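Novice:
In our numbering, the protein residues as written are 120 to 484.
1) Smallest Cα separation from residue 212: which of 218, 126, 223?
2) Tell me whether residue 262 sits in a helix, a strand or coil according to DSSP, three-state version.
3) Between the stretch 225-245 and the stretch 200-212, are three or more C-beta pairs nearer than 8 Å?
4) Reducing DSSP to helix, strand and coil, say where residue 198 ends up.
5) Taking only runs that begin and end inside the stretch 279-327, name each unbroken beta strand (DSSP E) of 3 or more residues, in chain order.
6) In chain order, which continuous runs of the beta strand (DSSP E) of length 3 or greater are located wholly inside the stretch 371-421?
7) Within the continuous beta strand (DSSP E) that includes residue 223, where are the two ends?
8) Can you name, in chain order, every residue of its own chain whose Cβ lies under 7 Å from the Cβ of residue 268, other than the five neighbours on each side?
9) Rounded C-beta distance between residue 252 and residue 318? I'm assuming under 8 Å.
10) With which residues is residue 213 paired in a DSSP beta bridge?
11) Please determine, among 312, 262, 261, 330, the residue with the shortest C-alpha to C-alpha distance to residue 280.
12) Within 10 Å of its beta-carbon, does residue 442 have 16 or more other beta-carbons around it, so buried, or fewer, so exposed?
13) Leaving out five residues before and five after residue 413 in sequence, what residues of the same chain have Cβ atoms less than 8 Å from its Cβ?
14) Are the CB atoms of residue 458 and residue 157 within a distance shorter than 7 Å?
15) Between residue 131 and residue 483, how many whole angstroms is the CB-CB distance? I'm expecting something under 8 Å.
16) For residue 296 versus residue 290, is the C-beta spacing smaller than 7 Å?
17) If you check the beta carbons only, do residue 125 and residue 452 fall under 7 Å apart?
18) For residue 164, which residues from the same chain have a beta carbon less than 7 Å from its beta carbon, with the 5 sequence-adjacent residues on both sides left out?
19) For residue 426, count neighbouring Cβ atoms within 10 angstroms of its own Cβ and tell me buried if that reaches 16, exposed if not.
20) Below 7 Å CB to CB, which residues in the same chain sit around residue 342 once its five sequence neighbours on both sides are set aside?
21) Work out the CA separation of residue 444 and residue 480 for me, nearest whole Å.
22) Where does residue 178 land, buried or exposed, given buried means 16+ other C-beta within 10 angstroms?
23) Confirm, please, whether the CB-CB distance from residue 440 to residue 417 is below 7 Å.
24) Opposite residue 257 in the DSSP bridges: which residues?
Take a look at the structure:
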């Protein structure tokens, strides 16, 4: 995997489930379909071990895919409460039975007054558990890479709102949102310095940039101000410390490729590309514009793995690799992990076809 991230020669393209593996404590359990998928990942894919750390940002992703120890057959609810000098903030997330994704049902922030409550919070002294990362790296050896997922300032701030309310607040009082981004960025960067000063060879995933891209916002107006200006420093902290920065950005990429190139992350994922209805660039365009300097990770839509046949998956992977594999720096992965529970046999067979096709069509001479 390090060869793909750094552009060094590799035997074949990378392929991974990415969201979970046999190395993860939070992997789905108790279902034969997921067990087969995770074994497939172990045998044929590049594996990541997700490691949760407290970076001092006060919040995480309210729509997190999975948390360890969950009884997936039963619905669950999680309440987050923040006591601030100006009053309490309360958010609620819920996971329905048979689904591994949590969804925010009541955001922490609903009004400008709530924004000011959050801004009244003093920076929270924190010492991330770096030893946890070092122990996990030692345990993994050559079997996989540690993946941290702190998010970026935009993702962390936007995640405290319902998105429509975030947009309305941004348009009504941009200065208020920028103040929140500044405060969050300071917390995040302080936490990153503490972690990256002590570890090497770890992937750090920044989710959040898509909130300033199309079709959610006008990227020409907002991507530079909300993403590039705030992500430049954390990406630099990660890259200059000998770790790997990973920018996570769904949606349309045509208008933000220049901004991504300016940020210069180690990797970009999950690459929604044409003919997907959510995309506006082809894999060849992405490879030409970004693929010489940035490891491209993605290329398949999760819906393709749910709906197509194994034969169609083989053909689709071959098509993606024809555009993305030349020159290296490419890892095949889906736009998201499966969220159904239990996992249908059809999906397992399509993932098997995907991994086999990557090995068959993705060999380098």
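Beta carbons are placed, not taken as given, at the ideal position from N, Cα and C, and that holds for glycine. Note that the structure is a prediction, hence the values are computed from the model and not measured.
Specialist: According to the structure shown:
1) When only C-alpha atoms are compared, the closest one is 223.
2) Coil.
3) Contact between the stretch 225-245 and the stretch 200-212 is present, because at least three Cβ pairs lie under 8 Å.
4) Strand.
5) The stretch 279-327 contains these whole beta strand (DSSP E) runs: 322-326.
6) Taking only runs of at least 3 residues, the beta strand (DSSP E) segments lying wholly in the stretch 371-421 are 386-388, 414-419.
7) Taken as a continuous stretch (DSSP letters only), the beta strand (DSSP E) holding residue 223 covers 222-225.
8) Closer than 7 Å at Cβ, skipping near neighbours: 169, 324, 326.
9) Distance from residue 252 to residue 318 at the Cβ level is roughly 5 Å; contact confirmed, criterion being Cβ atoms closer than 8 Å.
10) For residue 213, which the question treats as bridged, DSSP gives the partners 196, 222.
11) Put simply, of 312, 262, 261, 330 the residue whose alpha carbon is nearest the alpha carbon of residue 280 is 330.
12) Classification of residue 442: buried, given that the 10 Å Cβ count is 16 or more.
13) Within the same chain, and ignoring the five residues on either side of residue 413 in sequence, the residues whose Cβ sits closer than 8 Å to its Cβ are 379, 380, 383, 384, 385, 386, 387, 448.
14) Result no, Cβ atoms of residue 157 and residue 458 do not sit closer than 7 Å.
15) Yes, they are in contact, since the Cβ atoms of residue 131 and residue 483 sit about 6 Å apart, within 8 Å.
16) No, they are not a contact pair.
17) Not closer than 7 Å, so no.
18) Excluding its 5 nearest sequence neighbours in each direction, residue 164 has C-beta neighbours in its own chain below 7 Å: 134, 135, 136, 474, listed in chain order.
19) Counting of Cβ neighbours within 10 angstroms places residue 426 among the exposed residues, the total staying below 16.
20) By the criterion of a C-beta distance shorter than 7 Å, residue 342 is surrounded in its chain by 331, 332, 375, 378, once the five residues flanking it on both sides are discounted.
21) Each residue's alpha carbon lies about 9 Å from the other.
22) Counting Cβ neighbours within 10 Å, residue 178 comes out buried, since at least 16 surround it.
23) With respect to residue 440, residue 417 sits apart: the two C-beta atoms are not nearer than 7 Å.
24) Beta-bridge pairing links residue 257 to no other residue.
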